[in-house]
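According to this note's numbering, the sequence shown is numbered sequentially starting from 1. Notes follow the structure.
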Amino acid sequence: MNTASIPTKQLNDDTVVINPGGQLDNSNAHILTEAISRAQNSGFRYIIVDMKQLEFISSAGVGSILGSVEISREANGDIVICNASENIMHVLSVLDLTEYLTIRSDRNQAEEFCGVRKERV
């Protein structure tokens, strides 16, 4: 994962997408924590963490998400994980988090959960 920043994209007034990539472990999990905190402090109720480019996540990486879930839920929002690989889903399952976390298989489903409306062309 880029140690300087994580790409983010605002989808609407309530929703932002954060796109971590590479490996997320104890050496860089704070970067994801900071990106999520910035989004929450900016008023985004829904934060989609798109894991499409993420190759590995450690317990510290999972912790960077877990620490922020309740903050979003208290604001009537959520943190939504999408595009998690089989390996990442295995980690979340071993940690018994698949029921606690909001997980969608792809970005479209995550956006739909967050109420993002698609423009019709």
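Just so it is clear, CB atoms sit at the ideal spot from N, CA and C, and this is done for glycine as well.
Euclidean distance between Cα positions of residue i and residue j
{"i": "residue 15", "j": "residue 72", "result": "11 Å"}
{"i": "residue 29", "j": "residue 64", "result": "6 Å"}
{"i": "residue 51", "j": "residue 21", "result": "7 Å"}
{"i": "residue 41", "j": "residue 24", "result": "22 Å"}
{"i": "residue 89", "j": "residue 98", "result": "8 Å"}
{"i": "residue 103", "j": "residue 27", "result": "25 Å"}
{"i": "residue 100", "j": "residue 77", "result": "14 Å"}
{"i": "residue 96", "j": "residue 31", "result": "24 Å"}
{"i": "residue 69", "j": "residue 46", "result": "10 Å"}
{"i": "residue 57", "j": "residue 118", "result": "30 Å"}
DSSP state of residue i mapped onto helix, strand, coil
{"i": "residue 8", "result": "strand"}
{"i": "residue 104", "result": "strand"}
{"i": "residue 56", "result": "strand"}
{"i": "residue 15", "result": "strand"}
{"i": "residue 24", "result": "strand"}
{"i": "residue 80", "result": "strand"}
{"i": "residue 91", "result": "helix"}
{"i": "residue 116", "result": "coil"}
Within 8 Å, strictly: CB atoms of residue i and residue j
{"i": "residue 106", "j": "residue 87", "result": "no"}
{"i": "residue 49", "j": "residue 81", "result": "yes"}
{"i": "residue 19", "j": "residue 53", "result": "yes"}
Given residue i as reference, the closest of the options once Cα atoms are compared
{"i": "residue 79", "options": "53, 37, 96, 56", "result": "37"}
{"i": "residue 61", "options": "44, 35, 39", "result": "35"}
{"i": "residue 111", "options": "6, 33, 11, 76", "result": "11"}
{"i": "residue 114", "options": "13, 94, 5", "result": "13"}
{"i": "residue 43", "options": "85, 67, 75", "result": "75"}
Min CB distance residue i to chain C below 8 Å
{"i": "residue 72", "result": "As a matter of chain content, chain C is missing from the structure shown, which is built from one protein chain."}
Paired residues, beta bridge with residue i - DSSP
{"i": "residue 31", "result": "In the DSSP output, where bridge partners are listed per residue, residue 31 has none listed."}
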